[in-house]
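So the sequences go chain by chain: A and B. The first sequence begins at 1 in UniProt numbering and counts up by one. The second sequence begins at 1 in UniProt numbering and counts up by one. Virtual Cβ for every residue (Gly too), placed ideally from N, Cα, C. The structure appears below as structure tokens.
There are 2 protein chains.
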Amino acid sequence: MTPQAPTPAYRRLSVEERRGQLLEAALSLFAHRAPEDVSLDDVAEAAGVSRPLVYRYFPGGKQQLYEAALRSAADELRTCFDEPHEGPLLPRLSRAVDRYLAFVDQHDTGFSALLQGGSVVETSRTTAIVDGVRRAAAEHILSHLGVPEPGPRLRMTIRMWITAVEAASLIWLDEEKQPPLDELRDWLVEQFMAVLEVTSRRDAQTEALVRALAMDL
Amino acid sequence: MTPQAPTPAYRRLSVEERRGQLLEAALSLFAHRAPEDVSLDDVAEAAGVSRPLVYRYFPGGKQQLYEAALRSAADELRTCFDEPHEGPLLPRLSRAVDRYLAFVDQHDTGFSALLQGGSVVETSRTTAIVDGVRRAAAEHILSHLGVPEPGPRLRMTIRMWITAVEAASLIWLDEEKQPPLDELRDWLVEQFMAVLEVTSRRDAQTEALVRALAMDL
């Protein structure tokens with residue numbers, strides 16, 4: 001028997017299906033290589049289609065494909081934060097951090113390339129997409145904490161912790177994913193409590209929150 | 001009397017003096033405007049020289065001038081970390097953070113533009129300069145802590161705190177420099193102690209360090 005030809009990719013797909021298929025191929029490449037190491041030929045090959053077909057769907061070429069893949073990854077990452085508003089708070093945070101770290105694990109090279117900056121495909125648009133995810137993470141946390149009008153100190157604490165989590169993710173990828181995911185997750189959640197406690201010494205709103213969290217456990 | 005003409009800038013300067021003068025003019029512009037809002041004409045005007053003269057010193061134009069200004073700012077920032085290795089540790093950290101925040105205060109717009117990413121002048125070289133400063137900060141802290149062979153958990157904790165400090169600086173600039181610098185400084189130093197304590201629960205090296213810090217106070 002001859003090796004199987006990439007015919008499945010040439011079956012009739014709707015525009016949306018085809019677009020989704022190309023995006024998926026692009027995302028899997030961008031997840032594990034730096035953007036400069038992915039060519040449109042690679043994407044065409046991974047999707048089992050011709051290069052002109054890729055251009056038909058993404059006339060802006062690699063930059064457009066990268067941004068579309070990034071948007072799709074950002075949507076996926078946002079779903080990591082989805083967590084029912086029930087049960088004790090810290091386990092909710094712990095589950096969300098667990099899903100986030102699994103996402104980082106699955107998109108390792110692309111995640112590093114994107115967040116380390118200075119990449120050829122980085123633009124104000126890609127920065128805006130990443131910032132959107134950071135903001136979504138902060139809003140999720142605040143909504144779970146049940147603080148309708150968070151003051152500047154509480155907001156700053158949460159945004160600092162989110163940045164520290166990002167830094168930890170990059171170091172973790174750099175250090176061959178050590179410590180193990182579950183240990184890193186617990187450590188990050190403990191840091192969340194610790195920085196909230198520090199802020200509670202100078203902010204009444206955070207103090208009330210820390211008291212509530214202690215009773216919640 | 002007629003307004004003073006910009007003659008002082010045209011006096012005979014050595015190559016190094018002239019270069020320094022142009023860099024200083026560029027730095028003062030890049031400190032308070034986004035890079036895309038600074039033109040070579042602006043730099044020439046601020047230095048009181050002609051545009052061709054700027055090009056003679058920086059044939060690579062704005063990008064080269066920006067990178068040179070960034071290098072000079074990075075050197076200045078590194079001097080903020082210089083602190084004698086004597087006396088209790090936390091006050092040393094507090095003084096270094098104080099100088100760092102004063103630097104952020106003085107270079108506000110440029111600092112934000114640089115670190116928020118997606119800027120037109122951002123390249124792998126500018127990213128490397130910024131990363132060099134981050135690494136220098138981590139090495140300074142480790143040398144003051146007197147840990148000759150820091151393990152991965154201690155290193156990660158310190159790098160996460162440095163990133164959190166950076167995030168706090170950006171938020172601080174965004175929020176019209178509130179809370180006041182000295183309050184932000186104390187809060188950041190308290191967070192440093194808090195995250196070290198969290199790490200000490202899972203790392204013997206950090207535990208010994210936290211014990212030593214407690215006796216040092």
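DSSP places A/E86 outside any alpha helix (DSSP H), giving it a letter other than H or E. The C-beta of B/P59 has fewer than 16 other C-beta atoms within 10 Å across all chains shown, which makes the residue exposed. Using a Cβ distance threshold of 9 angstroms, A/K62 and A/S28 do not count as a contacting pair. Within chain B, the residues P179, E183, D186, W187, E190 have their CB atoms less than 9 angstroms from the CB of A/R202, given in chain order. Where B/V54 is concerned, the enclosing alpha helix (DSSP H) starts and stops at 51-57.
Along the stretch 162-173 of chain A, the positions whose C-beta sits under 7 angstroms from a C-beta of chain B are T163, A164, A167, A168, I171, read in chain order. Taking a C-beta cut-off of 9 angstroms against chain A, the contacting residues of the stretch 138-165 of chain B are P152, R153, R155, M156, T157, R159, M160, W161, I162, T163, A164, V165, listed in chain order. Residue state for A/H107 is assigned as coil, using DSSP reduced to three classes. Residue-level contact check: A/Q116 touches chain B, since one or more beta carbons of chain B fall below 9 angstroms from its beta carbon. Between the C-alpha atoms of B/A74 and A/S14 there is a straight-line separation of about 53 angstroms. Secondary structure note for A/P152: its alpha helix (DSSP H) is the uninterrupted segment 152-174. Interface annotation for the stretch 121-132 of chain B against chain A: E122, T123, S124, T126, T127, criterion Cβ-Cβ distance under 7 angstroms. Counting along the chain, no alpha helix (DSSP H) covers A/K177, and no H or E run does either. DSSP places B/L13 outside both helix and strand once states are collapsed to three, so it counts as coil. In this structure, DSSP gives A/D98 a helical state, which the three-state scheme calls helix. Excluding sequence positions up to five before and after A/D98, its CB lies within less than 7 angstroms of the CB of R185, all in the same chain and listed in chain order. For A/E175, the residues of chain B that pass the 7 angstroms Cβ criterion are P152, in the order they occur in the chain. DSSP places A/A136 in the uninterrupted alpha helix (DSSP H) bounded by 124-145. Taking the Cα positions, B/D37 is about 45 angstroms away from A/L90. A/E197 reaches chain B at A194, counting residues in chain order whose Cβ is nearer than 9 angstroms. With fewer than 16 neighbouring CB atoms inside 10 Å of its own CB, B/M215 falls in the exposed class.
The residue from A/S124, A/L209, A/P180 with its alpha-carbon nearest to that of B/R202 is A/P180.
Out of A/E207, A/L142, A/Q21, A/A194, the CA that lies nearest to the CA of A/R92 is found in A/L142.
Under the three-state reduction of DSSP, A/S39 is assigned to coil, being neither helix nor strand. Annotated three-state conformation of A/P148 is coil, per DSSP. In this structure, B/F81 keeps its C-beta atom at 9 angstroms or more from the C-beta atom of B/A31. Nearest Cα to B/A47 within the set B/R155, B/R18, B/A208, B/E197: B/R18.
In the structure shown, B/R202 adopts coil according to DSSP, grouped into three states.
Secondary structure at B/V120: coil, using DSSP grouped into helix, strand and coil. DSSP places A/D82 in the coil class of the three-state scheme, outside both helix and strand.
Assigned with DSSP and collapsed to three states, A/R33 falls in coil, not helix or strand.
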